[in-house]
Ligand code: AMP
Ligand code: ZN
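Residue numbers (our numbering): 246 to 365.
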């Protein structure tokens, strides 16, 4: 199954549960957004589902409403954060992509010009 309530050893599950402190930016019934602890841009926010899902690689039809909601929340957050000049959304999925936290998350990066390249 792609989605479980909570994984005890998962940092992001623990952040969602309030067991590890975070700087909250946004929350609704299905998702939680907070500032990245090691920002790669002036604005660097992570949005995660409240339920534990490993990565994009395991998403299926049952997650479509959730992922759609996360993306409309991303648009809300970008407005709130005044990223009118543009922003980038990244989701690392698996080892080749350098995923370090194995709980689905979308990086929202902005506040500086990032150029056209996708891979550094
Ligand atoms: P990824 O490499 O795509 O798996 O990204 C994981 C991200 O989580 C990195 O950008 C980390 O800086 C960030 N991160 C790890 N632990 C925390 C934490 N406790 N609070 C906020 N961000 C975190
Ligand atoms: Zn988790």
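Here a beta-carbon is modelled for each residue, glycine too, at the ideal position from N, C-alpha and C.
Residues bridged to residue 333 (per DSSP): 354
Whole angstroms is fine: what's the gap from residue 294's alpha carbon to residue 267's? 15 angstroms
Using the beta carbon as the reference atom, which residues fall closer than 5 angstroms to any heavy atom of the ligand AMP, ordered along the chain? 281, 282, 283, 337, 344, 345, 346
Pick out every residue whose C-beta is nearer than 5 angstroms to a heavy atom of the ligand ZN: which are they, in chain order? 252, 255, 257, 258, 297, 348
Within 7 angstroms, strictly: CB atoms of residue 322 and residue 271: yes
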